[in-house]
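Peer 1: After the C-alpha cells below, expect a handful of questions from me.
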Amino acid sequence: MDKSLSLVHVKLLAFDLLSLAQSPPDTPTFSRDGVSLSRAEVLGVVVYREHKPGRFLKFAVDDGTGCVPCILWLNHATSPYFARQRPQGVRLIADVANGQASLLKLGAVARVRGRITSYRGAVQITASSVAVERDPNAEVLHWLDCLKLARRVYDRP
Amino acid sequence: MASSGAAVGSGTPVTLKELRPPSPLFADGASLRILGKLQEYSVETTIAMIVDGDASLKIDTQHLRDLSFRVGSMYQFIGELQIQPDNEAVLRARVGRNVDGLDLNLYYQSLQLVRQFQAERARFQST
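Line by line, the protein sequences give chains A and B. Residues in the first sequence are numbered from 1 upward in steps of one, following UniProt numbering. Residues in the second sequence are numbered from 1 upward in steps of one, following UniProt numbering.
Right, dumping it as C-alpha cells:
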C-alpha cells in the first residue's frame, strides 16, 4: 500500500509532530519514520498568543505532550500573493481568518489544521483553519484518534 | 517570515494523587496540567483549592481573567508548581478552564495510553 500521507492532515500528538525530520533541510518536506508528511492537525489548549492585526496571530497549543507553535497569517491586504486574486474573494478569506483569530483566547481548546513548516529549525504549523472546541472531551478523543492512527496507519509496518 | 516559536513549556498532565514526593514532577518550577473539583475559592487572595478524592492542591489564579469560579465544578489548570518553605505546593496557573462534563474515567485511562505511546516512540526512536 502506498503510504504517502502528504495530501492529508495527519493527526499527531505534539511530541510526535515536534520530532518530525525535515528532509532535506530548508525544504517544506517532513517525514515520520521515512513517510512524507506536509499537513497536520493538532488540538490543545491555547497557552500563548501574540496578535499583530493585519499581519499575523502567533499562538501555541499545548496538548499535554508538547507545545506546538502555530501562525495564522492575517496579511491579506498587503501580501503580494493575494494581490493577484479577486478582491472580493480575498476579503472573504480575510474575514474568516480574522474571525478565527478572535476566537483563539488563552485557555480555549483549539483544533488547528495547516501546513507543517519550520522557522529557525523548529517545526510549526502555518494554520489554514482553526476551530474552538466546546466539548470538554474533545481533547481526550483527539488523543485516542492520534494513538489509533499512529498504530494503524502512520507507523511503518 | 515571522516566527511562531513561542517559548512556552508544555504542562505535563499529572493527577493530584501522583503529585506528591518522591514524584519527579513534585518539583519547584515544574510545568504541569492538573484537574480537580473546585472546593474553595477566595476572591480576596485569588487562591483556589481543587480536590480529587483525598488529594488536594492550591491554585494561584491571579493571572487568570475571564474565568468564573463555581464551587463543585471541575477545572483544569496549566501552570508552574511552587514549593513553599513548609513543603506545601501551589500551582501558579497560566491558563484554566471549566471542564464540567469531562468523562473522568476516559480521561485517566486515555492519559495512561498516551504515556505508554510516548514511551514506545522513545524506545523506537532510540533503536
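Glycine residues also receive a C-beta, built at the ideal position from the N, C-alpha and C atoms.
Run through chain A and tell me which residues come within less than 7 Å of Gly-52/B, C-beta to C-beta.
Peer 2: For the record, residue 52/B in the displayed sequence is Asp; it is not Gly. Here the premise fails: no neighbours, minimum Cβ distance about 16 Å.
Peer 1: How many whole angstroms separate the CB atoms of Leu-111/B and Gly-79/B, which I take to be in contact at a CB cut-off of 8 Å?
Peer 2: Their Cβ separation, rounded to whole angstroms, is 18 Å, which puts Leu-111/B and Gly-79/B out of contact at 8 Å.
Peer 1: Keeping to the same chain, check which residues put their C-beta closer than 7 Å to that of Asp-145/A; ignore five residues upstream and five downstream.
Peer 2: Taken in chain order, the residues that qualify are Lys-11.
Peer 1: Would you kindly work out how many angstroms separate the C-alpha atoms of Asp-100/B and Phe-124/B, rounded to a whole number?
Peer 2: In a straight line, the C-alpha of Asp-100/B is about 37 Å away from that of Phe-124/B.
Peer 1: Nearest chain A C-beta to Ile-78/B closer than 8 Å, yes or no?
Peer 2: Chain A, which has a Cβ nearer than 8 Å to the Cβ of Ile-78/B, makes this yes.
Peer 1: CB-CB under 8 Å to Ala-93/B, same chain, minus the five flanking residues each way: which ones, in chain order?
Peer 2: These residues qualify, in order along the chain: Ile-59, Asp-60, Thr-61, His-63, Leu-64, Phe-77, Ile-78 and Gly-79.
Peer 1: Does DSSP put Asn-105/B in a helix, in a strand, or in coil?
Peer 2: Correct three-state label for Asn-105/B: helix.
Peer 1: Residues of chain A with CB under 8 Å from Leu-102/B, in chain order?
Peer 2: Result: Pro-136, Asn-137 and Val-140.
Peer 1: What is the DSSP secondary structure of Ser-6/A, reduced to helix, strand or coil?
Peer 2: In the structure shown, Ser-6/A sits in coil (DSSP, three-state: anything other than H, G, I, E or B).
Peer 1: In its own chain, which residues sit with a C-beta less than 7 Å from the C-beta of Gly-72/B, not counting the 5 before and 5 after it?
Peer 2: These residues qualify, in order along the chain: Lys-37 and Leu-38.
Peer 1: Helix, strand or coil for Arg-115/B, going by three-state DSSP, please let me know.
Peer 2: If DSSP states are grouped into helix, strand and coil, Arg-115/B belongs with the helices.
Peer 1: Please state whether DSSP places Ser-19/A in a helix, a strand or coil.
Peer 2: Coil at Ser-19/A, not helix or strand.
Peer 1: For a contact defined as C-beta to C-beta under 7 Å, what are the partners of Pro-13/B on chain A?
Peer 2: Those are Gly-64, listed as they occur along chain A.
Peer 1: Can the beta-carbon of residue 164/A be found less than 8 Å from the beta-carbon of Ser-4/A?
Peer 2: No statement about residue 164/A is possible, as the shown extent of chain A runs from 1 to 157 and does not include it.
Peer 1: Roughly how many angstroms lie between the CA atoms of Arg-49/A and Ala-60/A, to the nearest whole one?
Peer 2: Going from the Cα of Arg-49/A to the Cα of Ala-60/A covers about 7 Å.
Peer 1: So with Cβ pairs under 8 Å, would you call Gly-72/B a contact of chain A?
Peer 2: No, its Cβ sits nowhere closer than 8 Å to a Cβ of chain A.
Peer 1: Using the C-alpha atoms, what's the distance from Pro-24/B back to Leu-113/B?
Peer 2: If you take the alpha carbons of Leu-113/B and Pro-24/B, they lie about 20 Å apart.
Peer 1: Would you say Val-153/A faces chain B, with C-beta separation under 8 Å as the test?
Peer 2: No - not a single Cβ of chain B is within 8 Å of the one on Val-153/A.
Peer 1: Within the chosen definition, does the region 121 to 136 of chain A reach the region 92 to 109 of chain A through at least 3 CB pairs nearer than 8 Å?
Peer 2: Judged by Cβ distances under 8 Å, the region 121 to 136 of chain A makes contact with the region 92 to 109 of chain A, as three or more pairs qualify.
Peer 1: So which residues on chain B does Ser-106/A lean against when the C-beta distance must stay under 7 Å?
Peer 2: As written in the sequence, residue 106/A is Leu, which differs from the Ser given in the question. Result: Val-95.
Peer 1: Using the Cα positions of Leu-72/A and Phe-56/A, report the straight-line distance between them to the nearest angstrom.
Peer 2: The alpha-carbon atoms of Leu-72/A and Phe-56/A are separated by roughly 6 Å.
Peer 1: Identify each residue in the region 9 to 34 of chain B for which the Cβ-Cβ distance to at least one residue of chain A is less than 8 Å, and report them in chain order.
Peer 2: Going along the region 9 to 34 of chain B in chain order, one finds Gly-9, Ser-10, Gly-11, Thr-12, Pro-13 and Arg-33 with a Cβ nearer than 8 Å to chain A.
Peer 1: What does the Cβ neighbour count give for Ile-93/A, buried or exposed, with the cut at 16 atoms within 10 Å?
Peer 2: Classification of Ile-93/A: exposed, given that the 10 Å Cβ count is below 16.
Peer 1: Alpha helix (DSSP H) containing Ser-38/A: first to last residue?
Peer 2: Taken as a continuous stretch (DSSP letters only), Ser-38/A belongs to no alpha helix (DSSP H), as it is neither H nor E.
Peer 1: Could you tell me whether any Cβ in chain B is nearer than 8 Å to the Cβ of Ala-40/A?
Peer 2: No, Ala-40/A does not count as interfacial toward chain B.
Peer 1: Between Gly-9/B and Val-123/A, what straight-line distance do the alpha-carbon atoms span, to the nearest angstrom?
Peer 2: Distance between the alpha carbons of Gly-9/B and Val-123/A is about 15 Å.
Peer 1: In chain order, what residues of the same chain have a beta carbon less than 6 Å from the beta carbon of Ala-30/B, not counting five sequence neighbours either side?
Peer 2: Closer than 6 Å at the Cβ level, and outside the excluded window around Ala-30/B, lie Leu-81.
Peer 1: Which runs of the beta strand (DSSP E) fall wholly inside the region 29 to 94 of chain A and span at least 3 residues, in chain order?
Peer 2: Counting only runs of 3 or more, we get 30 to 32, 35 to 37, 39 to 52, 56 to 62 and 67 to 73.
Peer 1: Going along chain B, which residues have a C-beta under 7 Å from Phe-15/A?
Peer 2: Under the 7 Å cutoff, chain B gives Gln-118.
Peer 1: Measuring straight from C-alpha to C-alpha, what distance separates Met-39/A and Asp-66/B?
Peer 2: For the record, residue 39/A in the displayed sequence is Arg; it is not Met. Taking the straight line from one Cα to the other gives about 33 Å.
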